[in-house]
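Visitor:
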Amino acid sequence: MNGTSSTDATGTPTPAAPASATSPPSPTAPSPWEDLVTTALLGTDRRPAAYGRSGREAPLALLDEAAMATVRRRAGLRPARAARRPEPAPEDPRPALPTAAARRLATLLTDRSGGGSGGRRGSSPDLMELLPQWLAAANAHGYAAPPQALPALLDAARGRTDLRPAALAFAGPRALWLARLNGDWRFALRAAPGGGATLPDPGDAEAVRRLWQEGLFAERAALLGALRAGTPAPARELLASTWATERAEDRLMFLDSLRTGLSAADEPFLEQALGDRSRNVRATAAELLSALPASALATRMAVRAAACVALDRTQSAPAIAVEPPLECDSGMERDGVVGTPPAGRGERSWWLGQLVESAPLGTWPGRLGGRTARDIVALPVTDGWQGELHAAWCRAAVRQRDARWSRALLGSPSAPEAGGPGAVSLADRAKLLAALEPAERADWVAGFIAAHGLSEAFQLLGVCAVPWAAPLGRSVVDALNIARDAGSYPWSFSGVMGLAERCLDPAQAVRLEGLLAMPDEREDAAPGAGGYWAEAFQRLMTTLRLRAQMTEELAPAIIERPSGGAPREGE
Amino acid sequence: MTEQGVRWSAEQVLSLAPDAASRTAGGKLGTAVPWSGAGSGEGTVWGLCKGSGSRPYQTVVDLADPAGPAYKCSCPSRKFPCKHALGLLLLWAGDDGSVPASAEVPGWAHEWLTGRRERTENKQPRSEGGSGTGVADPEAARRRAERRAERVTAGATELEQRLADLLRSGLAAAEQAGYGAWDETAARMVDAQAPGLASQVRELGAIPASGAGWPARLLEECALLHLLDQAWLRRDRLPDALAATVRSRLGLPATADGAPVRDHWLVLAQYDTVDPKLTTRRTWLHGAATGGTRLLLSYGAAGRAPELSLPVGLALDAELSAYPGAGQSRSALGERFAAPAPAAFRPRGTTTAEAAARYGEALRDDPWLDAVPVTLDRVVPVPDGDLWQLADAEADSALPLTRTARSRPGLWRLVALSGGAPVTVFGECGHRGFTPLTAWPEHSGEAVTLC
């Protein structure tokens, strides 16, 4: 048959089918088909052709020929040459997901587009919000992602940066393989250590040195981060070996990675960085040193700060007197104190704040009459310096992760000033809470909610460990109940509700049973609020059940069962 | 009827959804909380779903009917199945004990079920006898068919005239004239009772805007339309089978009068093409014993899902009857002997070269054919510049993917499933390339839908 495809004639590996109709078989002599197309394009009136063999009208004769040519060419289509095949994706050695969990993942991922629209949320759970927890749990079990779910997973991670670390960890090596083929998922390669290339084994000194010397910035940053997490000292030495030749912005980034695994051993290096050409590098070095209470910088800062804060002996009752520094000398500047205050702040209070936040908190009991942190915080401060001083202590407590000072500065959760704007803002409180043990943190927030309600609690709840400890969960549920009885609408608490759906221990669902009922409308209540509350509680409950179910599905099967199908016992 | 041994999978349930919004809404209701009094038995699933009102919705699904699931819900939704039915089925599919097997069907569900099953049973004998007695007056029917044939002939003649005019003044002029002229011609073909011609003409209208190479594509399609016109005008000189093909291409009514073939039919793929007026659902079935691949078509009015829904990966023990015409894969679903059940077998695959040859051979029977159903065995999706192809794992030959396939998210599911390793792929192979519809991992594993 002479009707083999034009693909065949050109011998190119172009796709056989779509191109065959259009690609000229040779650039010089137009093929009969080309000629037909040209005539058709111009019209037989303008370009009479010699098709009238059968005595038919020219256009119909042209169509006869074209029909024959079309069917002939289609019938003769052959496969194209294969293009270069991609390298196979690396093996994923992790075990496959249990069937039910794989199904759940598919459901969570399908909800991506539907959920989160601006409207009222109704009583059904917001599945997308459960994806982070699901991923964390699946990662904890060490399961491999089902390959066909990877595109949806990558799309989800693309839209939500907060999902990326967990989603990519779960997606595993095949997702990186996939991301190299699709520009939409390039973020996965950036997020992956070493731009998708595997990092050398930390023990392989030669490979580490080579990557450090020759790698791109992202690869080097990833390498340093990885080394620092495992073996802090060699990581620092690696950085020190090329420190003098690094660019200022790279020095800043690398220095920042020393935050992980920071120890007294880093002090000489950091002390040297205090003399750096770049002001930002100096400031970061100073900040890191001040987090080491035994460092020379911390000691210098302690001396400077102590000079400004003393017991006021002129008063009858004990009080703290503050005398902020008169100048910012070159020594202070070298230790990272910024001389020029931001607009609207006095120079002297600005300097004081920086000295106190960098001084070890251990300085103060000795300086202030042997008092404990709690007593010191309770002391009055003269001349209106309390705000400035306490705020600086807060920053110091956060930086030095000092639980005792954090506790003292947080004060009692039920104290009236805890709820309002005090010396310590809610944002600061949230940071201080992070220094406490999870149980203590949950207790404090529970106490706070019991005393002040939910309106200010959102930020504080955000730092509590998930799932919430029992007292905290109780406190939140009770407060929601009170809010409902107060007659407001549930969406005033949508932030807390959303958190509760994600963080409340599913075991607490029992406590919600009583809240699902539709309450009688009260006269002073907002119209229809009762129904909305019932709906909101229903959603909370549904979500909790769903979370419990999700966790259960992810548990590895104890007995091997045939996949799918086999009915399980109900709980 | 007995309790089905196997519950469906969530994907199979979700494939019943009429649209994406229902999938999402149904997915959210697939949890135990809003449901009470749920149970299943005798191929039926029922439950009460708490909605925004004070009375819960009563939802029943009858899965035992071999003609496909039937739904009843007291909610006001016009979607079919509604989100409550989907949610209930998902809950049932999840098999976590919230839909226990129960012998006792509640009264409200029972009432509907018995009513429905009685109606179906009454209907069956009538429809079985219908093929013989349905035509009340054969003479009148013959006259009607003749009148229609005359109108189609007038339409085909007119279309020939229009095509001739088009080529006389040139395709370039047609591009400037735009879409309107095509729409008008299509309307004329509707008047001529030749819906097949009308839809082909409408497709011609879209070609000038389809990018580089459009003149060649437009000429190809015009020429094939011309071929169809000519075939109709000389149908008395065509072999019977080809004449039947021409009739079906023109959109003339036909009955599936082929001998019923009973087999275990594996659902290979199911996808919808949506048109402003009509949703067409194509379902590819593969016979375990016969080895044939058959096509079922079902239609839904604008915005409604076609009623027939067969989840991919299930197999049904049923009879199919072929529609007349050479090279036609279309069949009608006849009697079903059991509800669909999960199946482990796969269609037997072939190579890319064999797939291309199969399309070429199929054109002998039906020169208007765009693609044939093919299962490719051991192929690897390979990027080729901006294009993609499916390459044989062992040979240096490959089929390019069609433009449709490249723009679907399913492409990436296929690539992810393969990971550079060979997979089995079912799809449609034609002159535009290959459109993958379903894939299976190399050794074992469930079918992954790509459309």
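Top to bottom, those sequences are chains A and B.
Each residue of the first sequence is one higher than the last, beginning at 1 in the working numbering.
Each residue of the second sequence is one higher than the last, beginning at 1001 in the working numbering.
We treat Cβ as the ideally placed atom computed from N, Cα and C, and that holds for glycine.
Please read these numbers as outputs of a predicted model, since none were measured by experiment.
Do you know whose CA, among A:Val71, A:Gln400, A:Ala306, A:Leu135, lies nearest Glu553 of chain A's CA?
Guide: As a first step, residue 553 of chain A must be located in the first sequence, where it is residue number 553. For the residues A:Val71, A:Gln400, A:Ala306, A:Leu135, the minimum Cα distance to Glu553 of chain A belongs to A:Leu135.
Visitor: Report the residues of the stretch 363–374 of chain A with a CB closer than 8 Å to any CB of chain B, ordered along the chain.
Guide: So nothing in the stretch comes that close.
Visitor: With DSSP as the reference, please indicate the residues paired to Ile320 of chain A in a beta bridge.
Guide: Working through the first sequence from its first residue, we reach residue 320 of chain A at position 320. Ile320 of chain A pairs with A:Leu311, A:Val381.
Visitor: Just how far apart, CA to CA, sit Pro324 of chain A and Arg348 of chain A?
Guide: Along the first sequence, one-based indexing puts residue 324 of chain A at 324. Along the first sequence, one-based indexing puts residue 348 of chain A at 348. Rounded to whole angstroms, Pro324 of chain A to Arg348 of chain A spans 6 Å at the Cα level.
Visitor: What separation, rounded to the nearest whole angstrom, lies between the Cα atoms of Trp1092 of chain B and Pro1215 of chain B?
Guide: Translated into the one-based positions of the second sequence, residue 1092 of chain B becomes position 92. Translated into the one-based positions of the second sequence, residue 1215 of chain B becomes position 215. Going by the C-alpha atoms only, they are around 54 Å apart.
Visitor: Grab me the residues of Arg1036 of chain B's own chain with a C-beta within less than 6 Å of its C-beta, minus the 5 sequence neighbours each way, in chain order.
Guide: Within the second sequence, residue 1036 of chain B is the residue found at index 36, counting from 1. It should be noted that the sequence gives Ser, not Arg, for residue 1036 of chain B. Contacts found: Leu1048.
Visitor: Would you call the stretch 1393–1406 of chain B and the stretch 1312–1321 of chain B in contact, with 3 or more CB pairs under 8 Å?
Guide: Touching, no, given that fewer than three Cβ pairs across the two stretches are closer than 8 Å.
Visitor: Here's the rule I'm using: 16 or more other beta-carbon atoms within 10 Å means buried, otherwise exposed. How should Trp444 of chain A be labelled?
Guide: Along the first sequence, one-based indexing puts residue 444 of chain A at 444. Looking at its Cβ environment, which holds 16 or more other Cβ atoms inside 10 Å, Trp444 of chain A is buried.
Visitor: Give the DSSP-derived three-state secondary structure of Ala46 of chain A in the structure shown.
Guide: For this step, residue 46 of chain A is matched to residue 46 along the first sequence. Position check: residue 46 of chain A holds Arg in this sequence, whereas Ala was assumed. Arg46 of chain A: coil per DSSP, three-state reduction.
Visitor: So what does DSSP say about Glu246 of chain A, is it helix, strand or coil?
Guide: Along the first sequence, one-based indexing puts residue 246 of chain A at 246. Here Glu246 of chain A sits in coil by DSSP.
Visitor: Buried or exposed: where does Thr161 of chain A fall if 16 or more other Cβ atoms within 10 Å of its Cβ makes it buried?
Guide: The residue given as residue 161 of chain A occupies position 161 in the first sequence. Exposed, because fewer than 16 other Cβ atoms sit within 10 Å of the Cβ of Thr161 of chain A.
Visitor: Rounded to a whole number of angstroms, what is the C-alpha to C-alpha distance between Ser406 of chain A and Thr340 of chain A?
Guide: Sequence index remark: in the first sequence, residue 406 of chain A carries index 406 (1-based). Sequence index remark: in the first sequence, residue 340 of chain A carries index 340 (1-based). Distance between the alpha carbons of Ser406 of chain A and Thr340 of chain A is about 29 Å.
Visitor: Using DSSP's beta-bridge definition, name the partner residues of Trp1046 of chain B.
Guide: For the purposes of this step, residue 1046 of chain B is taken as the residue at position 46 of the second sequence. DSSP output for Trp1046 of chain B lists B:Gly1039, B:Val1060 as bridge partner(s).
Visitor: With a threshold of 7 Å between beta-carbons, can Gln272 of chain A be considered close to chain B, or not?
Guide: Taking the first sequence and counting its residues from 1, the one referred to as residue 272 of chain A is at position 272. No, Gln272 of chain A lies away from the interface with chain B (no Cβ there is under 7 Å from its Cβ).
Visitor: Would Arg1168 of chain B pass as an interface residue toward chain A - the criterion being a Cβ-Cβ separation below 7 Å?
Guide: Position 168 of the second sequence, counting from 1, holds the residue named residue 1168 of chain B. By this cut-off, Arg1168 of chain B is an interface position.
Visitor: Identify the continuous beta strand (DSSP E) that holds Tyr1271 of chain B and give its terminal residues.
Guide: In the second sequence, residue 1271 of chain B corresponds to position 271, counting from 1. Per DSSP, Tyr1271 of chain B belongs to the beta strand (DSSP E) from 1261–1274.
Visitor: Please check if any C-beta of chain B sits within less than 7 Å of the C-beta of Asp45 of chain A.
Guide: Position 45 of the first sequence, counting from 1, holds the residue named residue 45 of chain A. By this cut-off, Asp45 of chain A is an interface position.
Visitor: Going by DSSP, name the residue or residues bridged to Pro1436 of chain B.
Guide: Taking the second sequence and counting its residues from 1, one reaches residue 1436 of chain B at position 436. Looking at the DSSP assignment, Pro1436 of chain B forms a beta bridge with B:Gly1427.
Visitor: Going residue by residue through the stretch 1167–1230 of chain B, where are the continuous alpha helix (DSSP H) segments of at least 4 residues, counting only ones entirely within it?
Guide: Fully enclosed alpha helix (DSSP H) runs of 4 or longer: 1171–1177, 1179–1191, 1195–1206.
Visitor: Considering only C-alpha positions, which residue in the set A:Ala244, A:Ala222, A:His390, A:Trp212 is nearest to Leu238 of chain A?
Guide: Within the first sequence, numbered from 1, the residue matching residue 238 of chain A stands at position 238. Nearest C-alpha to Leu238 of chain A: A:Trp212.
Visitor: Have a look at A:Leu181, A:Ala470, A:Asp256, A:Asp478 and flag the residue whose alpha-carbon is nearest the alpha-carbon of Glu87 of chain A.
Guide: For the purposes of this step, residue 87 of chain A is identified with residue 87 of the first sequence, where counting begins at 1. Per the Cα distances, A:Leu181.
Visitor: Buried or exposed: where does Gly1313 of chain B fall if 16 or more other Cβ atoms within 10 Å of its Cβ makes it buried?
Guide: Along the second sequence, one-based indexing puts residue 1313 of chain B at 313. Buried: at least 16 other Cβ atoms inside 10 Å.
Visitor: Would you kindly work out how many angstroms separate the C-alpha atoms of Asn485 of chain A and His452 of chain A, rounded to a whole number?
Guide: Residue mapping note: residue 485 of chain A aligns to position 485 of the first sequence, counting from 1. Residue mapping note: residue 452 of chain A aligns to position 452 of the first sequence, counting from 1. Rather than Asn, the amino acid found at residue 485 of chain A in this sequence is Asp. Asp485 of chain A and His452 of chain A: Cα-Cα distance of roughly 16 Å.
Visitor: Does the distance from the C-beta atom of Arg1249 of chain B to that of Leu1219 of chain B stay below 7 Å?
Guide: Residue mapping note: residue 1249 of chain B aligns to position 249 of the second sequence, counting from 1. Residue mapping note: residue 1219 of chain B aligns to position 219 of the second sequence, counting from 1. For Arg1249 of chain B and Leu1219 of chain B, no; Cβs fall outside 7 Å.
Visitor: Opposite Leu1390 of chain B in the DSSP bridges: which residues?
Guide: For this step, residue 1390 of chain B is matched to residue 390 along the second sequence. Leu1390 of chain B is bridged to B:Pro1381, B:Leu1399.
Visitor: Would Thr1273 of chain B pass as an interface residue toward chain A - the criterion being a Cβ-Cβ separation below 7 Å?
Guide: Here residue 1273 of chain B refers to the residue found at position 273 when the second sequence is read from its first residue. No, its Cβ sits nowhere closer than 7 Å to a Cβ of chain A.
Visitor: List the endpoints of the continuous beta strand (DSSP E) containing Trp1284 of chain B.
Guide: Translated into positions along the second sequence, residue 1284 of chain B becomes position 284. 1278–1287 is the span of the beta strand (DSSP E), which, as asked, contains Trp1284 of chain B.
Visitor: Would you say Leu227 of chain A reaches chain B, if we count a Cβ-Cβ gap shorter than 7 Å as a contact?
Guide: Within the first sequence, numbered from 1, the residue matching residue 227 of chain A stands at position 227. No, Leu227 of chain A lies away from the interface with chain B (no Cβ there is under 7 Å from its Cβ).
Visitor: Here's the rule I'm using: 16 or more other beta-carbon atoms within 10 Å means buried, otherwise exposed. How should Trp491 of chain A be labelled?
Guide: In the first sequence, the residue the question calls residue 491 of chain A occupies position 491. By the 10 Å Cβ count, Trp491 of chain A comes out exposed.
Visitor: Against chain A, which members of the stretch 1021–1036 of chain B pass a CB distance test of less than 9 Å?
Guide: So the list reads Ala1021, Arg1023, Thr1024, Ala1025, Gly1027, Lys1028, Leu1029, Gly1030, Thr1031, Ala1032, Val1033, Pro1034, given in the order they occur along the chain.
Visitor: Quick one: grab the DSSP three-state call for Lys1079 of chain B.
Guide: Taking the second sequence and counting its residues from 1, one reaches residue 1079 of chain B at position 79. In this structure, Lys1079 of chain B counts as coil in the three-state DSSP scheme.
Visitor: What is the DSSP secondary structure of Pro994 of chain B, reduced to helix, strand or coil?
Guide: Given a span of 1001 to 1451 for chain B in the structure shown, any question on residue 994 of chain B remains unanswerable.
Visitor: When you compare only the Cα positions, how much space is there between Arg1364 of chain B and Arg1023 of chain B?
Guide: Looking up residue 1364 of chain B in the second sequence gives position 364. Looking up residue 1023 of chain B in the second sequence gives position 23. Whole-angstrom Cα-Cα distance: 42 Å.
Visitor: So that I know if they touch, is there some Cβ in chain B lying closer than 7 Å to that of Pro18 of chain A?
Guide: Taking the first sequence and counting its residues from 1, the one referred to as residue 18 of chain A is at position 18. Summary for Pro18 of chain A: the model assigns pLDDT 41, below 50, so the residue's position carries little reliability; its value from the coordinates is reported in the next sentence. Taking Cβ atoms only, chain B reaches closer than 7 Å to Pro18 of chain A, which makes this a yes.
Visitor: On a CA-only basis, which of A:Pro293, A:Gly172, A:Ala548, A:Pro98 is nearest Ala507 of chain A? Give me that one, please.
Guide: To locate residue 507 of chain A, count along the first sequence from 1; it is residue 507. Ranking the options by Cα distance to Ala507 of chain A, first place goes to A:Ala548.
Visitor: With a threshold of 6 Å on Cβ separation, who are the neighbours of Ala573 of chain A within its own chain once the five nearest residues in sequence on each side are excluded?
Guide: Because chain A here runs from 1 to 571, residue 573 of chain A falls outside it and cannot be looked at.
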